[in-house]
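Data block below; observations after.
Protein chains in written order, with my numbering: chain A, 147 to 447; chain B, 45 to 327.
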């Protein structure tokens, strides 16, 4: 009897200890998520009464050309900012891991510095680098021989996307490099020894041992980049706030900026909720597809 | 891969090539910071020079006083410090308590509840933003720091991270001994477990502080009164002023706002980077 009550007490203590997270999540996580799904079927301006609207919010969002522009923008910026970034990060990690024994620490810290810098700071620093007569223009004209008049980082289709993709590239390169480095260091050295005895050269060892064993780490970074990338907001928002107007130009609008505008600029909470739901399903779809592709790329093991 | 480097002499040409790649990567990482210092310390025209300006100038004080005249920089710094500190302390307390329970107690539903904590990591925050905003306005918490701090007081990542650490570092015999000596459950946690897990506090603490300090979206939605703005909001405001963009002024403020974080990061980088990697290895 005494033992039983001691066990019950122990359980109660444990429940008390974990309760803050669950209470906070219930109020600020679970309930809002369910409410978002509910809200996506209603017309609401956040103040007046809610009126049932069926699937019209979804119809509105999915036939709105601005939404599809934001979708294309988000995708293009992420493809441009993430794929080269992950390849460079992997390359850097492999090089750093095999070339240096001393000094690895210092380079880890240097590569990681951009990631601790706030996105607002990164965006403003790169706003200057991408100003009309800034470093980016200088590189484009003097190294790539482009015509000064044809370059525009603030307007047009590609200019702003290149600028924002560069910010994404710069801020996350070191983060992903460090994850890959941790992955490389978790591969036991005797695997390479054995392969060498079997006569495998460096290239074979890279493709047959390193890459397959790195797969979980690569999938992790692809997944994180996909989820984070679809939520792209601050870079384009701050980059385009310079004009002083309350709207973001179409060339730089992302899906979360679209959501933000619907909710907090025009007070269409219903369509904003529908956007959030669409974004959620797109996140799931892209996570699955990207994980699948990454899995296939490394060959089946 | 110590074994590989020790067992095999690398081709010297390849080694030089590798060093060049590493140094080039470091240059890419550092150059924007250097550029920030160059522009922040030169006159307004320096940002538009071709080829670009390379030398650090003497106009920093001039630039930063212009920035101070436009925005309430120190006030915003104080606001950010307050929000980030309170959030961090709350996260450390609630997450270590929760992680301790998941690591060292047996209770019905433990596996399921912990799985649930991990599952919440995958849910994008955009999905809950609108209703949380409505809740905040119902509670009359719009334009208050409560709206920033209270939802962030316990994080799934924090509980996960603390559980991993406590499972391996706090031995169950110590806890049992404490219980036999008549300590209450909370006393055992506070007097025995907490002193052992201080390194984990350092990692989670820096992580939480940086994330809160750097957050932009949620403060943008919640804060209306400019005197309550956090440093990120105030910095973004600098860019939207219409009286001709003065990049020297903007980057001097960015420099001053970034410096304290850099110092903290450089002091604690080992713990921070280890935290990042262990999250991915386990995840």
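Note that the Cβ used here is the ideal one computed from N, Cα and C, for glycine as well. Predicted, not measured: the structure shown is a model, and the values here were computed from it.
Would you list the one or two residues that DSSP bridges to residue i?
i             : result
residue 230/B : According to DSSP, which records beta bridges pairwise, residue 230/B is partnered with nothing at all.
residue 197/A : 189/A
Since I believe residue j is in contact with residue i (beta carbons under 8 Å), could you give me their beta-carbon distance rounded to a whole number of angstroms?
i             : j             : result
residue 351/A : residue 340/A : Not quite, the Cβ-Cβ distance comes to about 10 Å (not below 8 Å), so this is no contact.
residue 275/B : residue 301/B : 5 Å
residue 196/A : residue 189/A : 7 Å
residue 367/A : residue 322/A : 5 Å
residue 219/A : residue 398/A : 7 Å
residue 202/B : residue 130/B : So it is not a contact: roughly 15 Å between Cβ atoms.
residue 232/A : residue 332/A : So it is not a contact: roughly 18 Å between Cβ atoms.
residue 178/B : residue 195/B : Their Cβ separation, rounded to whole angstroms, is 13 Å, which puts residue 178/B and residue 195/B out of contact at 8 Å.
residue 101/B : residue 90/B  : 7 Å
residue 107/B : residue 70/B  : Contact flag wrong, Cβ pair sits at about 27 Å.
residue 404/A : residue 320/A : With a Cβ gap of about 30 Å, residue 404/A and residue 320/A do not count as contacting.
residue 261/B : residue 174/A : The pair is not a contact, with the Cβ atoms about 15 Å apart (cut-off 8 Å).
Which residues in the same chain as residue i place their Cβ atom closer than 7 Å to its Cβ, once the five residues preceding and following it in sequence are excluded?
i             : result
residue 141/B : 233
residue 281/A : 275
residue 255/B : none
residue 230/A : 315
Using CA atoms only, rank isn't needed, just tell me which of the options is closest to residue i.
i             : options                    : result
residue 440/A : 303/A, 361/A, 335/A        : 361/A
residue 396/A : 158/A, 234/A, 189/A, 304/A : 304/A
residue 315/B : 406/A, 255/A, 398/A, 290/A : 255/A
residue 210/B : 250/B, 198/B, 241/B        : 241/B
residue 117/B : 151/B, 131/B, 198/B, 278/B : 278/B
residue 423/A : 208/A, 174/A, 301/A        : 208/A
residue 168/A : 318/B, 139/B, 223/B        : 139/B
residue 416/A : 183/A, 177/A, 173/A, 243/A : 183/A
residue 96/B  : 78/B, 217/B, 303/B, 249/B  : 78/B
residue 237/A : 401/A, 324/A, 372/A        : 324/A
residue 433/A : 382/A, 401/A, 369/A        : 369/A
residue 213/A : 418/A, 443/A, 293/A, 442/A : 418/A
residue 280/B : 71/B, 298/B, 292/B         : 298/B
residue 164/A : 74/B, 148/B, 83/B, 114/B   : 148/B
residue 289/A : 74/B, 63/B, 94/B           : 94/B
residue 176/A : 82/B, 293/B, 168/B         : 168/B
residue 271/B : 187/B, 258/B, 262/B, 289/B : 187/B
residue 358/A : 383/A, 320/A, 330/A, 382/A : 330/A
residue 376/A : 198/A, 338/A, 421/A        : 421/A
residue 269/B : 182/B, 220/B, 303/B, 123/B : 123/B
residue 61/B  : 178/A, 285/A, 242/A, 199/A : 242/A
residue 428/A : 216/B, 282/B, 170/B        : 170/B
residue 239/B : 86/B, 82/B, 215/B          : 215/B
Is it right to say residue i is buried, meaning 16 or more other beta carbons lie within 10 angstroms of its own, or is it exposed?
i             : result
residue 227/A : buried
residue 249/A : exposed
residue 336/A : exposed
residue 166/B : exposed
residue 231/B : exposed
residue 98/B  : exposed
residue 67/B  : exposed
residue 406/A : buried
residue 385/A : buried
residue 155/B : exposed
residue 163/B : exposed
residue 173/B : buried
residue 251/A : exposed
residue 265/B : buried
residue 229/B : buried
residue 292/B : buried
residue 211/A : exposed
residue 263/B : buried
residue 191/A : exposed
residue 258/B : buried
Excluding the 5 residues flanking residue i on each side, which residues of the same chain have their C-beta closer than 6 Å to its C-beta?
i             : result
residue 189/B : 127
residue 152/A : none
residue 283/A : 297
residue 143/B : 203, 206, 207, 210
residue 185/B : 191
residue 414/A : 408
residue 158/A : none
residue 310/A : 223, 381, 382
residue 88/B  : 290, 292
residue 178/A : none
Please go through the same chain and pick out, in chain order, the residues whose beta-carbon is closer than 8 Å to the beta-carbon of residue i, but skip the five residues on each side of it.
i             : result
residue 317/A : 260, 261, 263, 265, 268
residue 199/B : 135, 139, 252
residue 244/B : 140, 205, 206, 209, 210, 213
residue 250/B : 308, 309, 312, 315, 316, 319
Taking 7 Å as the cut-off, is the beta-carbon of residue i closer than that to any non-hydrogen atom of the ligand SAM?
i             : result
residue 382/A : Among the components of this structure there are no ligands whatsoever, and the ligand SAM is therefore not found.
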